[in-house]
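Undergrad: Chains as they are written, first to last, in my numbering: chain A, 1 to 568; chain B, 569 to 803; chain C, 804 to 970.
All residues carry an ideal CB built from backbone N, CA and C; glycine is no exception.
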Amino acid sequence: MCVLHAAQAAPELDITIVSKGAVGRSGCTRMVQGGFNAVLSPDDSFELHFRDTLEGGKYLNDQELAWTLINDAPKVIHELETRVGCFFDRGEDGKIRQKAFAGQAFDRTVHRGDLTGIEIMSRLLDQTFRIKPRELGDVRALDLLLDEAGEVAGLTMLDVRTGAVAVLRARVVVVATGGAATMYRIAAPAREKTGDGVAMCYRAGLELRDMEMMQFHPTGLLAGESRLTGAVLEEGLRGAGAYLYNAHGERYMERYDPERMERATRDIVSRASYQEIMSGRGTPAGGVMIDISHLGAEEVERRFAGMVARCRQIGQDLAREPVEISPTSHFAMGGVVIDEYCQTSVPGLLVAGEDAGGVHGANRLGGNGVAESTVFGARAGDRAAIVAPERDLRDPDPAQVAASVDRALAPLQREKGPSPFQVTRDLKEAMWEGCGVVRDREGLVRARERIEELTEQAAQIAVPETPQVNNAWQETLDLANQLTVARAMIDSALVREESRGAHFRSDYSEQDNAHWLRYIVARRGEGGETEISLHPVELTRKRPEPDGPPAEELEREDLEEGREDVKR
Amino acid sequence: MTEPSSKKIRVTVSRSDPGTERTFLVERIEPMMVLDLLIAIQREHDPSIGFRYSCRVAMCGTCTLRMDGRAILACQTPLEPDRDKVRLDPLAGLPVVRDLVVDMKPFFEEWARVKPYLEPVEGLDEPARIRPDSPERQIIDPSLDCITCGACYSSCGIADHKRDFLGPAALNRAMLLIADSRDAAGAERLDAVTASDGVDRCHYIYGCSAVCPKGLDPAAAIRRLRRWRLEGRPR
Amino acid sequence: MTLAQALFVVALAGVLVAVVGFGFVMVSAAARSGGGSYLSTGLLRRLQRSPEERAEFNRWAFYAHRFTGFAVFAFLCLHIVDISLYTFAPGAFDEVHVLYGWTSMRIFECGLLFAILFHTFNGLRILAIDFADLGSRASRGLLTGAVVLTVLLGLGGSAVIMAPVFA
Chain A
1 MCVLHAAQAA PELDITIVSK GAVGRSGCTR MVQGGFNAVL SPDDSFELHF RDTLEGGKYL
61 NDQELAWTLI NDAPKVIHEL ETRVGCFFDR GEDGKIRQKA FAGQAFDRTV HRGDLTGIEI
121 MSRLLDQTFR IKPRELGDVR ALDLLLDEAG EVAGLTMLDV RTGAVAVLRA RVVVVATGGA
181 ATMYRIAAPA REKTGDGVAM CYRAGLELRD MEMMQFHPTG LLAGESRLTG AVLEEGLRGA
241 GAYLYNAHGE RYMERYDPER MERATRDIVS RASYQEIMSG RGTPAGGVMI DISHLGAEEV
301 ERRFAGMVAR CRQIGQDLAR EPVEISPTSH FAMGGVVIDE YCQTSVPGLL VAGEDAGGVH
361 GANRLGGNGV AESTVFGARA GDRAAIVAPE RDLRDPDPAQ VAASVDRALA PLQREKGPSP
421 FQVTRDLKEA MWEGCGVVRD REGLVRARER IEELTEQAAQ IAVPETPQVN NAWQETLDLA
481 NQLTVARAMI DSALVREESR GAHFRSDYSE QDNAHWLRYI VARRGEGGET EISLHPVELT
541 RKRPEPDGPP AEELEREDLE EGREDVKR
Chain B
569 MTEPSSKKIR VTVSRSDPGT ERTFLVERIE PMMVLDLLIA IQREHDPSIG FRYSCRVAMC
629 GTCTLRMDGR AILACQTPLE PDRDKVRLDP LAGLPVVRDL VVDMKPFFEE WARVKPYLEP
689 VEGLDEPARI RPDSPERQII DPSLDCITCG ACYSSCGIAD HKRDFLGPAA LNRAMLLIAD
749 SRDAAGAERL DAVTASDGVD RCHYIYGCSA VCPKGLDPAA AIRRLRRWRL EGRPR
Chain C
804 MTLAQALFVV ALAGVLVAVV GFGFVMVSAA ARSGGGSYLS TGLLRRLQRS PEERAEFNRW
864 AFYAHRFTGF AVFAFLCLHI VDISLYTFAP GAFDEVHVLY GWTSMRIFEC GLLFAILFHT
924 FNGLRILAID FADLGSRASR GLLTGAVVLT VLLGLGGSAV IMAPVFA
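So, in structure tokens, the structure goes:
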């Protein structure tokens, strides 16, 4: 989307796509199931969508970013349909059909069957054959390079196929690598999503916000040791009336949200399932059951063909019997601090999508994810087209280049050390236990110590010496980024002593609007430690309802705290 | 579901660096996909084995390889419980980068040649009003879910990076755009796909339709294109 | 054996070598780039597994089609020459055509008959696929038909060709 817009606005630009996987085929947008939220109907309104988004995000959102998302979403749908060539499901009247999604007051989710992302991504990929940007597939970015003035000069990168390293000089860099949700034992995203962009920006000294906010999807498949474990069963199952049972056969949602039951938002259902499992009412494999067979086998097979096929692969029949599931880590709400034009505090550096924080606040609505990646991708492209011609190519600091390359090559040169696969496993375990669906101080501190240990181990990893397509080597580089992001997450989670959205502290189980309508910013300190600062959420457009804090109090806090404004 | 079993499976993997193949005895888990097998080899036996995957839910189309000669997605192909040996090869007809990793460039070069992107008709300023049961959607919808995994290309028998043939995936894409009333370049595309390196090179081997992991039928698309050449495009 | 006969035998041997060589090149190329459809225990495992795997028979039909096509073509090249002898050397024509009565030549002719029949019926099958818009399953049915016809007519024709030998 970004490339499309940049090329449209300024066709003379020299654009390079750097992707650590296959261009347009790796990452998570292709995996999007549910759909794309956009206000299209005259009966719907931006205000309603905005309210839903803030209610979902528990008012932690950057309201300007959220408003931008909502305002641009219909334009993007429009563009996808009339220029890019996507075709979304139609109603009987031939108009785009919008379906209901959890946590929304209006049926506004545009979709294509139960697999929407593949249509969007495939058609965008087709556009690259028209635009013909320079594509560096299977090339991973290692580090951002800044010049002496602290402005963007380019990046270092590594060709996964050949093992060669190179420097790419650029006038503008757009970071859009996706979040780091793979760092949990049970995780949904594609394997590329190891927080590379966020980690790169953090190392370059940028501010990260809301890092403690990690969304867990309530219905991830449990398939033993198989890699399929964690794959999401789509939200629509709950929407269509699926029941959730614990091992005793109780519909446990009665205890957590008797009104909305299984249709409560993702954070609530995930937490309920997690608590059932943790208090011993889960299945032996550590899960709960989802059952939709009461709709009738044929009906299920027709409406959820993709999901039935997914379960059949592991020998289970979603249409006729309950299937074992567990919460699965899914989406990072937090990320780099940006403005509405995707700009950061570093001139020339733009960040878009899951790498950026603030759009979704404390919890993302289903259907706002692909909306975010396309809306802000487009905006980053538009902005890049404006910024790039104004800037010249900078010279990167040679010492920085050398340090970055040395760090990348080190595991190849060591002869003995731990296996990266084992360390990754340990990380996933540590995060699941200590910084998972439900957190407390003790667990977080333990996870923090464990991360330190693993960071030390990761620095000793040795891998086979072949530089070409060396998965072990790549995993080591991923791991370094994951550990960086994990530390920022845990440090942020320790500070937020309340429960809000996706962040649930069993030792502070209430939402506390009086003190915690503030967002947490983490940045790298001089000595490498995490520096945490707190900033009040600017309620520029809408205040929490119904029981938000009185207005005067907020204003006073604003004055007291001051706000170290991000350079915009 | 995950009771421990000591069953092993004998895996033969063709490798590129020594130019030979290697056999591994891998512990079985239940359920087990071919991808799990590769990950187990990587973790327990040989960390240097080259293969690729991304989404592991049959969406990215990067883990395609051949199992006993048949092109499959490693992530969604279970190993049957009674199976005790399996052979894995890289995709056919594409240059091998390393071990099971191939270079998909030739595949996408063919894909690019059919102009795979929409050329919007003039005046397409609003999302087109098209009923889901309209004839064009009846043609398009069942054939739309291509994930460009290359399984059809590998199984084609004609398509090969050393030969001129657009191949099943690209022809299927072209068929979809020609059928789409929102697209203006249909005539041009029909000319391209019926040229000498187009539909006429197909011999109805049906390898493509037999292996497509998304259940598409590129052979039907090719038959349709051949018919449209004689009867004109559907409009 | 006359000179003309000797030349014909040498040319025929050349045709046979070319046909066998073509088959060899085709099979090895198929193993490399044809989706791995070479004969192996793996293929047998596959064919037993599911009906859709039997689409592989269409691939073998394709190989057989090419092979028989080339064999018939190569022989035709020679045959055009030996028939055209009639216009400028009727004596040589008669000498050469005595050879067609040899038993070994008759066996070769039977093979040729099978090749022509398969190529014809399979060609008609492919035309039918286009005209009747047949899918993988139906075309496999037609393939069975083509093979059965080839075998039946081939055996009948062979009986006629070989009859003088046993007479």
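Could you check the C-alpha separation between A:GLU12 and B:ALA680 for me, to the nearest Å?
TA: Their Cα atoms are separated by approximately 22 Å.
Undergrad: Do you know how far the Cα of B:ILE790 is from the Cα of B:PRO703?
TA: Approximately 18 Å, taken between the alpha carbons.
Undergrad: Could you name the residues that DSSP lists as bridge partners for B:LYS576?
TA: Answer by DSSP bridge pairing, in chain order: B:GLU595.
Undergrad: Since B:SER777 meets chain F, which of its residues come closer than 9 Å, beta carbon to beta carbon?
TA: The structure shown contains no chain F; its protein chains are A, B and C.
Undergrad: Once DSSP output is grouped into helix, strand and coil, what is the label at B:SER702?
TA: Note: B:SER702 maps to coil in three-state DSSP.
Undergrad: Take A:ALA105 and list the residues in its own chain whose beta-carbon comes closer than 8 Å to its own, dropping the five residues that flank it on each side.
TA: Correct list, in chain order: LEU48, ARG51 and ASP52.
Undergrad: Leaving out the 5 sequence neighbours to the left and right, which residues in its chain are closer than 6 Å to C:ALA814 when beta-carbon positions are compared?
TA: Result list for C:ALA814: LEU881, in chain order.
Undergrad: Which residues, in chain order, does the region 402 to 421 of chain A contribute to contact with chain B at a C-beta distance below 9 Å?
TA: Here the close residues are SER419, PRO420 and PHE421.
Undergrad: Against chain A, does B:GLN644 count as a neighbour if the rule is that its beta carbon must be under 8 Å from one of theirs?
TA: Chain A, which has a Cβ nearer than 8 Å to the Cβ of B:GLN644, makes this yes.
Undergrad: Around the C-beta of A:GLY369, are 16 or more other C-beta atoms found within 10 angstroms, so that it is buried, or is it exposed?
TA: So A:GLY369 ends up on the buried side.
Undergrad: Does chain C have any CB closer than 8 Å to the CB of B:ASP765?
TA: No, B:ASP765 lies away from the interface with chain C (no Cβ there is under 8 Å from its Cβ).
Undergrad: Note down the Cα distance separating B:TYR721 from B:ARG655, rounded to an integer number of angstroms.
TA: One C-alpha to the other measures close to 20 Å.
Undergrad: Rounded C-beta distance between B:CYS529 and B:GLY637? I'm assuming under 8 Å.
TA: Nothing can be reported for residue 529 of chain B: it is not among the residues displayed for chain B, which extend from 569 to 803.
Undergrad: Return the CA-CA distance between B:PHE592 and B:ARG578, expressed in angstroms with no decimal places.
TA: Cα to Cα, the separation comes out at about 6 Å.
Undergrad: Cβ of B:PRO786 less than 8 Å from any chain C Cβ?
TA: No, B:PRO786 does not count as interfacial toward chain C.
Undergrad: Going by C-alpha to C-alpha distance, which of C:ALA807, C:ALA858 and C:PHE811 sits closest to C:MET908?
TA: It is C:PHE811.
Undergrad: Under the three-state reduction of DSSP, which class applies to A:VAL18: helix, strand or coil?
TA: Here A:VAL18 sits in strand by DSSP.
Undergrad: With 8 Å as the threshold, decide whether the Cβ of B:GLU694 is near any Cβ in chain A.
TA: For B:GLU694, the answer is yes, since a Cβ of chain A falls inside 8 Å of its Cβ.
Undergrad: As an exercise, report each continuous beta strand (DSSP E) stretch of at least 3 residues that is fully enclosed by the region 607 to 685 of chain B, in chain order.
TA: You should have 632 to 635, 638 to 641, 653 to 657 and 664 to 666.
Undergrad: List the residues of chain C that B:ILE773 touches, going by C-beta distances under 7 Å, in chain order.
TA: Within 7 Å Cβ-Cβ: ASN861, ARG862 and PHE865.
Undergrad: For chain C, is any of its Cβ atoms less than 8 Å away from the one on B:ARG797?
TA: Output row for B:ARG797: interface = no.
Undergrad: Report buried or exposed for B:GLU690, applying the criterion of at least 16 other Cβ atoms within 10 angstroms of its Cβ.
TA: By the neighbour-count rule (16 or more Cβ atoms within 10 Å), B:GLU690 is not buried but exposed.
Undergrad: Hey, A:ILE268 and A:SER326 are a contact pair by Cβ (cut 8 Å); roughly how many whole angstroms apart?
TA: Incorrect: roughly 16 Å between the Cβ atoms, too far for contact.
Undergrad: Is C:LEU955 buried or exposed, if buried means 16 or more other CB atoms sit within 10 Å of its CB?
TA: Answer is exposed; the Cβ neighbour count stays below 16.
Undergrad: Could you work out which residues of chain A lie near B:CYS623, taking near to mean beta carbons separated by less than 7 Å?
TA: Here the neighbours are ARG30, MET31 and ALA190.
Undergrad: With a threshold of 8 Å between beta-carbons, can B:GLY808 be considered close to chain C, or not?
TA: Nothing can be reported for residue 808 of chain B: it is not among the residues displayed for chain B, which extend from 569 to 803.
Undergrad: Along the chain, where does the alpha helix (DSSP H) containing A:VAL346 start, and where does it finish?
TA: Counting along the chain, A:VAL346 falls outside any alpha helix (DSSP H), and DSSP gives it neither H nor E.
Undergrad: What three-state label does DSSP hand A:THR156 in the structure shown?
TA: Residue state, collapsed to three classes: strand.
Undergrad: Report all residues from its chain with a CB closer than 6 Å to the CB of A:ALA22; omit the five preceding and five following residues, and keep chain order.
TA: So the list reads GLY137, once near-sequence residues are dropped.
Undergrad: So, under 8 Å CB-CB, A:PHE46 and A:ASN71 are touching, yes? Tell me the CB distance rounded to an integer number of Å.
TA: At roughly 6 Å, the Cβ-Cβ gap stays under 8 Å, so A:PHE46 and A:ASN71 are in contact.
Undergrad: Which residues share a DSSP beta bridge with B:GLU589?
TA: The partner list for B:GLU589 (beta bridge, DSSP) reads B:SER582.
Undergrad: Near C:PHE825, what residues of its chain come up, given a Cβ to Cβ distance below 6 Å and the 5 sequence neighbours on each side ignored?
TA: The answer, listed in chain order, is PHE873.
Undergrad: If you draw a straight line from the C-alpha of A:HIS360 to the C-alpha of A:LEU54, how long is it?
TA: Each residue's alpha carbon lies about 8 Å from the other.
Undergrad: To the nearest angstrom, how far is the alpha carbon of A:GLN511 from that of A:ILE461?
TA: Rounded to the nearest angstrom, the two C-alpha atoms are 42 Å apart.
Undergrad: Residues of chain B with CB under 9 Å from A:GLU207, in chain order?
TA: Within chain B, no residue comes near A:GLU207; the closest Cβ sits about 30 Å away, beyond 9 Å.
Undergrad: Could you pull out every unbroken beta strand (DSSP E) segment of at least 3 residues lying fully inside the region 277 to 308 of chain A, listed in chain order?
TA: Entirely contained in the region 277 to 308 of chain A, the beta strand (DSSP E) runs reaching 3 residues are, in chain order, 288 to 291.
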